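In UniProt numbering, the protein residues as written are 1 to 174. Virtual Cβ for every residue (Gly too), placed ideally from N, Cα, C. Please read these numbers as outputs of a predicted model, since none were measured by experiment. In what follows, a structure is listed as structure tokens, so that the remarks can point back to it.
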Amino acid sequence: KIKYSLNSYADLSFLIPPSWKDGDPLPPKFLIFFDDIQDAINAAQYLCQCLPPGLQDKIKWFNANMTTTYKDLEVANFVSGEMLGFTTTESFGMVSHPENGFKWAYLLQGMDMSDIGLVIQWHVTCKLPTLWQQFGCAAQDKKLTGTSILFAEKEFFDNECAAKVARKMQRESA
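In structure tokens form, the structure reads like this:
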């Protein structure tokens with residue numbers, strides 16, 4: 001459940017432990033999906049500020065407006081472990097292949113992206129098939145465990161809906 005303002009991205013701060021410093025083991029590789037390019041950029045900037053100064057280049061944004069050269073370079077950095085993660089849109093290289101479902105375009109070009117430990121969808125706006133495609137990117141290596149998280153606004157939770165109805169009934173009976 002999203003606790004803070006959507007545009008603060010503070011709910012994502014758990015990705016970077018507050019005491020984390022250069023030389024400590026890296027957190028798991030991650031992808032955070034956004035439905036808006038500017039949200040992805042803003043979230044990456046927020047997360048970079050959570051990193052120590054020498055490590056603030058470990059998180060990048062990735063979207064359809066980037067050049068092919070930039071995308072290839074940054075994906076190579078991600079695959080090699082030089083980066084922690086991307087904030088991105090669904091443009092992060094998904095292509096459909098009828099014989100094997102959805103795969104990463106870069107994976108099909110020979111880059112192994114099977115060690116992504118965490119996939120996040122930032123708030124409920126995407127369609128369910130898109131969500132499953134994105135969540136399927138976590139730990140494609142069957143020897144690894146991956147985690148997928150959907151950050152949703154409070155109005156999508158049953159207890160919040162029930163509380164809203166109760167407040168409305170209380171107002172109407174007063």
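Nearest-angstrom Cβ-Cβ length linking residue i and residue j, presumed shorter than 8 angstroms
i	j	result
V124	L150	7 angstroms
A166	K1	At roughly 18 angstroms, the Cβ-Cβ gap does not stay under 8 angstroms, so A166 and K1 are not in contact.
T88	L31	6 angstroms
C50	S19	About 11 angstroms; that fails the 8 angstroms criterion.
Local conformation of residue i per DSSP, three classes
i	result
F86	strand
T147	strand
V119	strand
K127	coil
K60	strand
L12	helix
I41	helix
K55	The sequence given here has Leu at residue 55, not Lys. Note: L55 maps to helix in three-state DSSP.
F30	strand
C48	helix
E153	coil
Q140	coil
A163	helix
L6	coil
K21	coil
residue 176	As shown, the chain starts at 1 and ends at 174. That puts residue 176 outside it, with no answer to give.
Residues of its chain near residue i, where Cβ-Cβ distance is below 7 angstroms and the 5 sequence neighbours each way are ignored
i	result
P28	G117 and L118
N77	M83
Close Cβ partners of residue i (< 6 angstroms) along its chain, the five nearest in sequence each way excluded
i	result
Y9	A43 and Y46
Q140	S114
C48	Q56 and I59
I120	I32 and I149
K164	none
CA-to-CA distance, residue j to residue i, given in whole angstroms
i	j	result
T147	A138	6 angstroms
Q170	V75	54 angstroms
F135	S173	45 angstroms
A40	L6	12 angstroms
Y70	F92	13 angstroms
L128	E155	18 angstroms
D36	G81	26 angstroms
P25	L15	13 angstroms
D11	L73	29 angstroms
Spatial neighbours of residue i in its chain, beta-carbon cut-off 8 angstroms, leaving aside the 5 residues before and after
i	result
T130	E90
P53	none
N159	none
Within-8 angstroms CB hit, residue i to chain C
i	result
T145	Given the protein chain composition of this structure (a single chain), no chain C is represented.
> Do the region 53 to 66 and the region 30 to 44 make contact, defined as three or more Cβ pairs closer than 8 angstroms?
Replying inline: yes
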